[in-house]
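Reading through the C-alpha cells given below for one structure.
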Amino acid sequence: MSINEEIKRRFIRLSKGQRKVAQFVMNNPTAVIGNGAAEVGRQANVSESTVIRFCYAMDFSGYVELQDEIRSYLMTQDDGASLQPSYTSSFSKIMQRDIQNIQDTIHLINDNMLQKSAKWLHEADNVYILGTRQAASIANWLSYTMKTLRQNVKQLRLDSDDIVQQVNSMGGHTTLIVFSCDKHSIDIKTIVEIAKKKKVKIIAITDSALSPIRDYASALFALCMKNQSSLDVIPVLFSFLHALIEEMISQDKAQYVKYQQSYEQVEHNLLFLDAVREKQVF
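Here the sequence shown is numbered in full-length UniProt numbering, starting from 1 and rising by one per residue.
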C-alpha cells in the first residue's frame, strides 16, 4: 500500500490539525522531503508538534521516516514510464540507466532549496568544498570548475596542514559544500559542527536523509540512492552539480561570463610564459 493510500485509509481517525498535515503531504510530497517538520508545519498552518504527531499516527518513528517513505514512493512512480532503449548494446543500456537515475533524482530535489543554495554560493565571500574518499575527486572537479567562475574558492583536505586555519577563518559570509556519502565520516561531522557554530551556510550532499550531518546542514540533498553502486551515483551527482552551478550563474550571468573570460586569459598567458621558459632552457 502506497503512502497516499495509507493516509487516505487513516484520514478519518486523524485530528483536525493532523488532517491538514495529511492533505499537505499528499499535495506537496517534494516539500516534505526538502524541509524540516517546523517548515512543513508553517506551510500547512499547524504547529511542528502536530506534524510529529501525524507521523506517529501513521506509525512512523518520526519525521525522518516519513521523508524516507515519501522518497521511496516517488521513486517508484515513474517505473512504468522508463525510457526504452533504442539499441540493445551494453553501453546504450548503461546510458539509459543513467538517464533514468537522473530522472528519478529530480523528484528528490526541492526547487526552493536549490535556489537558496545557488544564492548562497553567489553571495558568499568564500566558498569551501569538502569531500573524502570517493567523493574527493568530485570535490576536486567542483573546486576547479568554481574557480573558473568566481574568486575565493578552496577545496578542504582533511590531511592538509592548514585545515584548522581554514575552518577557523570561516564566518557568516562563507558557504561550505560537503559531500558525505560515507556513514563513518566522523571528521566531516566535526568540521560541519564547527562551521555551523560560525554561522556558515552548509550545503550537504549525502546518501541519506538520516546522514549524521543532517542536523548541521543549511540545505540537505540526499542524492546517493539506495542499491546504487558508486558508478551509478556519479552521473547523478554531476548532473545535480551542473544544475546548481547554472542556477548560481543565473544570479548574474554577465558577471560570471566576464570572470570566466578573465580567468581563461590569465591561464593562457601563464601557459605562454611556461612555453617561453622551456625554449630558453633548451
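Here a beta-carbon is modelled for each residue, glycine too, at the ideal position from N, C-alpha and C. Source: prediction; values computed, not measured.
1) Can you check DSSP and say which residues form a bridge with Val178?
2) Nearest CA to the CA of Ile191: which residue from Ile213, Gly172 and Val127?
3) Give a yes or no on contact between the segment 25-36 and the segment 101-115, applying the rule of three or more CB pairs nearer than 8 Å.
4) What separation, rounded to the nearest whole angstrom, lies between the Cα atoms of Glu123 and Gln265?
5) I need the DSSP call for Val46, collapsed to helix, strand or coil.
6) Pick helix, strand or coil for Phe221, following the three-state DSSP scheme.
7) Candidates Tyr144, Gln115, Asp125 and Cys181: which alpha carbon is nearest Asp132's?
8) Taking the alpha carbon of Arg150 as the reference point, which residue from Gly172, Ala195, Gly171 and Asn126 has its own alpha carbon closest?
9) Would you tell me roughly how many angstroms separate the C-alpha atoms of Leu74 and Leu142, rounded to the nearest one?
10) What first and last residue would you give for the beta strand (DSSP E) that runs through Gln155?
11) With distances taken between CB atoms, is the gap from Leu223 to Val64 smaller than 8 Å?
12) So what does DSSP say about Thr30, is it helix, strand or coil?
13) Could you spell out the range, first to last residue, of the alpha helix (DSSP H) harbouring Asp98?
14) Would you check if there are 3 or more beta carbon pairs closer than 8 Å linking the segment 163-174 to the segment 95-103?
15) Anyone know if the C-beta pair for Ile52 and Ile129 falls short of 8 Å?
16) By the DSSP assignment, the alpha helix (DSSP H) with Leu142 in it spans what residues?
17) Excluding sequence positions up to five away, which residues of its chain have a Cβ less than 7 Å from the Cβ of Phe208?
18) Using alpha carbons as the reference points, say which of Lys198, Ala204 and Glu5 lies closest to Ala139.
19) Counting C-beta neighbours from all protein chains within 10 Å, is the total for Tyr216 16 or more, i.e. buried, or is it exposed?
20) In the DSSP assignment, the alpha helix (DSSP H) including Leu121 goes from what residue to what residue?
21) Just the Cα atoms here: how many angstroms apart are Phe238 and Phe179?
22) Please name the residue, chosen from Tyr256, Leu220, Tyr263 and Ser2, that lies closest to Lys116 on a Cα-to-Cα basis.
23) Check each candidate in Gln67, Phe54, Val233 and Gln261 and name the one with the smallest Cα separation from Met95.
24) Give me the residue from Ser218, Asn45, Lys8 and Tyr256 with the minimum Cα distance to residue 285.
25) Name the two residues that bound the continuous alpha helix (DSSP H) containing Ala195.
26) Which of helix, strand or coil does DSSP assign to His173?
27) Under 8 Å between the Cβ atoms of Ala22 and Ile12?
28) Using the Cβ count rule (16 or more neighbours within 10 Å means buried), how would you classify Leu231?
29) Along the chain, where does the alpha helix (DSSP H) containing Gln251 start, and where does it finish?
Answer, in terms of the structure:
1) Leu130 and Ala204
2) Ile213
3) yes
4) 24 Å
5) coil
6) strand
7) The residue you asked about is not Asp; residue 132 is Thr in the sequence shown. Taking only the C-alpha atoms, the option nearest Thr132 is Cys181.
8) Asn126
9) 28 Å
10) Val153 to Leu156
11) no
12) helix
13) Ser90 to Ile106
14) no
15) no
16) Ala135 to Lys147
17) According to the sequence shown, residue 208 is Ser rather than Phe. These residues qualify, in order along the chain: Ala222.
18) Ala204
19) buried
20) Asp111 to Glu123
21) 12 Å
22) Leu220
23) Val233
24) Outside the modelled stretch of the chain, which goes from 1 to 282, sits residue 285, for which no answer is possible.
25) Ile186 to Lys197
26) coil
27) no
28) exposed
29) Per DSSP, Gln251 belongs to no alpha helix (DSSP H) and is neither H nor E.
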